[in-house]
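Have a look at the structure below before the remarks.
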Amino acid sequence: MADILLSNTYFLRFDPKQESNMTPYPPLATLYAASVLRDEGMDIALFDTQFAEGAEDAFPQIKAHAGKLFMIVDDGFNYLTKMCLVNMREACFTMIRYAKEQGCTVAVSSSDATDHMDAYLKEGADYIIVGEAEQTIRELVVCLDAKQPTDGVSGLACSANGGMHKTLPRQVLTHLDSLPQPAWDLIDIQAYRSRWMQKHGYFSLNVATTRGCPFKCNWCAKPIYGNRYNAHSAHYIMDQIELHVKQHGATHIWFCDDIFGLKPGWIHAFREEAERRQLVFRFKIQCRADLLLNENNIADLAAAGCDEIWIGAESGSQMILDAMDKGTTIEQIRESTMLMKKHGIKPCFFLQFGYPGETRKEIRETIDLVTGLLPFDIGISVSYPLPGTVFYDRVQAGLKQKTNWTDSDELAMMFAGTYSPEYYKKLHRYVHRRFRKAQGAWYLKQVFKGEPTDLRRIMLWPYYAVRVMVDDQLVSD
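In our numbering, the protein residues as written are 68 to 544.
Okay, structure coming up:
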């Protein structure tokens, strides 16, 4: 039996919207932790929760590792785990309690455990990994294996004398290429591939080129990688992509970085590395509008196979962007969108409603931005206060009893917003319909121009037009 059992806590079944979307990605941070521990000579087993029915599915493996080390390492690269969903937290607690019944030592690394250390320790966790996991996990395992005290291991929290003891903070890793490649062999790749192929007709895998974000949007929590920015070399990343393309059969890559390609010259080196290896794949990234104004970067991304770029547009109101400390302008959103379209890349917008100070006027400005620029797709959320952020501190007095969403589609307002929670639920559907109506009209015009079009969007246009008419009062004064 393996020395250490690793697991994660994202259960696709507990997130109905994501289960319907069926775009599952392996737990990348868990695979990095596994590879680091194997470099220490440890024998590692992994229970991936992605397709499990529930926490109980992990019990046989936990029981088989009774009395050994059980480590829960969530994928801090995936925004779904950063949201700290209640369904996943409860499943994690169930696994912790069962592992303790089996005499295991339990360590947890996750955004949620960092935000709620007391709760996880109360459920039985022996150690909380605070911050970046790999170096802390390596040192912790060495100490435990040698039966030595763990006080000298930076980046830990544990129960002590009826309270909580924290060791010194862990400094983030700056030379990312010193990490071994993720332990992809521990994942059932076929389980992921079959679901992607059945739903979408292609297979996508995830890669992280960087860690952290140096920008200071005041609603964005960074409990794992912090307000820093460190990057792998293009060579290191392309080794991973080559494995995905040639051995795993992936034709698409999701770069799960908070911000892709911020380091000067990195995007061009990435393109050259892909061309040198003659690797052909499509990919999507997340970036900022102001960083996409260098047309050479856009051209390099397009040449390398970039299909979609998601930007945090957030709002069509400059007042709201400034209140968020976003650091971008409406004009930059417009200009970057035009540049992406010029080079054949699909621009996509993240939007956020409900930020304090937003009224129907600002909501209309956001809708006008979307229907005027017509991105390829949009993702809508409401302002979500997470511990450790300036935004959380601002709205803390108005927080309700509920502090986390149950699943990613809940979209509950957890503080006293300008309008009711029911209003924002209706607004979410309305904005999607306004967007699809505008898209359908645009595609219809392409027919008359003899240009390629999307017949499905055209066929749905009458439906969205009627629904929008019914709900127009949502944004009128």
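For glycine and all other residues, C-beta sits at the position ideal for the given N, C-alpha and C. Since the structure is predicted, the reported quantities are computational estimates derived from the model, not experimental observations.
Uninterrupted alpha helix (DSSP H) stretches inside the segment 295 to 335 (no shorter than 4 residues): Restricting attention to alpha helix (DSSP H) runs no shorter than 4 residues, the segment 295 to 335 encloses them at 301 to 313, ordered along the chain.
Sub-7 Å separation of Phe-416 and Ala-275 beta-carbons: Taking C-beta atoms as the reference points, Phe-416 and Ala-275 fail to come closer than 7 Å.
Neighbourhood of Leu-223 by C-beta, 8 Å cutoff - its chain only, sequence neighbours within 5 removed: Counting only Cβ-Cβ distances below 8 Å, and skipping sequence neighbours, we find Tyr-194, Ile-195, Ile-196, Val-197, Thr-203, Leu-207, Thr-217, Lys-233 and Thr-234.
Environment of Gln-238 [buried if 16+ CB atoms lie within 10 Å]: Gln-238 is exposed by the Cβ-count criterion.
Collapsed DSSP secondary structure at Thr-172 in the structure displayed: Here Thr-172 sits in strand by DSSP.
Glu-381 versus Tyr-303 - alpha carbon distance: Between the alpha carbons of Glu-381 and Tyr-303 lies a gap of roughly 32 Å.
Test item: CB-CB of Gln-169 and Ala-133 under 7 Å: Yes; because the gap between Cβ atoms is below 7 Å, this pair is in contact.
Endpoints, alpha helix (DSSP H) assigned at Val-274: Premise fails: Val-274 lies in the beta strand (DSSP E), 271 to 274, not in any alpha helix (DSSP H).
Same chain only: Cβ atoms within 6 Å of Gly-465, ignoring 5 sequence neighbours per side: Listed in chain order, the non-local C-beta contacts of Gly-465 below 6 Å within the same chain comprise Phe-482 and Ala-483, local neighbours out to five positions each way being set aside.
Where the alpha helix (DSSP H) containing Leu-147 begins and where it ends: Note, Leu-147: alpha helix (DSSP H), 146 to 149.
His-495 to Gly-229 span [Cα, whole Å]: In this structure, the CA atom of His-495 is about 45 Å from the CA atom of Gly-229.
Continuous alpha helix (DSSP H) stretch holding Arg-205: start and end: That run of the alpha helix (DSSP H) goes 201 to 212.
Run of the beta strand (DSSP E) containing Phe-458, from where it starts to where it stops: No beta strand (DSSP E) contains Phe-458, which is instead part of the alpha helix (DSSP H) from 457 to 462.
C-beta atoms of Asp-182 and Pro-414 nearer than 7 Å: No, these two residues do not count as a Cβ contact at 7 Å.
Residue from Val-498, Asp-374 and Leu-113 whose Cα sits closest to the Cα of Leu-418: Nearest of Val-498, Asp-374 and Leu-113 to Leu-418, Cα basis: Val-498.
Selected residue, minimal CA-CA separation from Asp-392, among Ser-102, Cys-284 and Ala-122: It is Cys-284 whose Cα lies nearest to the Cα of Asp-392.
For Thr-426, the nearest candidate out of Ala-158, Thr-456, Tyr-491 and Thr-473 (CA to CA): Considering only alpha carbons, the answer is Tyr-491.
C-alpha distance - Asp-374 paired with Gln-307, whole-angstrom precision: Taking the straight line from one Cα to the other gives about 19 Å.
CA-to-CA distance, Arg-278 to Asn-294, given in whole angstroms: Spanning the two alpha carbons is a distance of roughly 9 Å.
Cβ-based burial, Arg-523 [other Cβ within 10 Å; buried from 16]: By the neighbour-count criterion, in which 16 or more other beta carbons inside 10 Å mark a residue as buried, Arg-523 falls on the exposed side.
Sub-7 Å separation of Val-312 and Glu-201 beta-carbons: Going by beta carbons, Val-312 and Glu-201 fall outside the 7 Å limit.
Classification of Val-173 by the beta-carbon crowding that lies within 10 angstroms, buried from 16 upward: Result: buried.
Coil, strand or helix - His-267 by DSSP: In the structure shown, His-267 sits in a helix (DSSP, three-state: H, G or I).
Presumed contact (8 Å Cβ cut-off) between Gly-372 and Arg-349, rounded CB distance: Going by Cβ atoms, the distance from Gly-372 to Arg-349 rounds to 5 Å, so yes, they are a contact pair.
Per-residue DSSP class, three states only, for Trp-377: Of the three classes helix, strand and coil, the one that applies to Trp-377 here is strand, per DSSP.
Spatially closest choice to Gly-507 from Phe-270, Pro-529 and Pro-249, by CA coordinates: When each option's Cα is compared against that of Gly-507, the closest is Pro-529.
Through-space distance from Glu-120 to Phe-78, alpha-carbon basis: If you take the alpha carbons of Phe-78 and Glu-120, they lie about 8 Å apart.
First through last residue of the beta strand (DSSP E) which encompasses Met-231: First-last of the beta strand (DSSP E) with Met-231: 230 to 233.
Beta-carbon spacing of Ile-111, Ala-166 below 7 Å: The answer is no: Cβ separation not under 7 Å.
Cβ distance (whole Å) where Pro-93 is taken to contact Ile-254 below 8 Å: Contact holds; Cβ gap of about 5 Å.
Which residues DSSP lists as bridging Gly-446, in chain order: Answer is Phe-417.
Proximal residues to Asp-244 (C-beta, below 7 Å), its chain only, five neighbours per side dropped: Closer than 7 Å at Cβ, skipping near neighbours: His-299, Ser-300 and Tyr-303.
N-terminal and C-terminal residue of the alpha helix (DSSP H) that Leu-522 is part of: Run containing Leu-522: 522 to 538, per the alpha helix (DSSP H) assignment.
C-alpha distance - Ser-87 paired with Asp-212, whole-angstrom precision: Taking C-alpha positions only, Ser-87 is separated from Asp-212 by approximately 43 Å.
Ile-71: first and last residue of the uninterrupted beta strand (DSSP E) it sits in: Note, Ile-71: beta strand (DSSP E), 71 to 74.
For Lys-84, the first and last residue of its enclosing beta strand (DSSP E): Segment 83 to 88 is the alpha helix (DSSP H) holding Lys-84; no beta strand (DSSP E) there.
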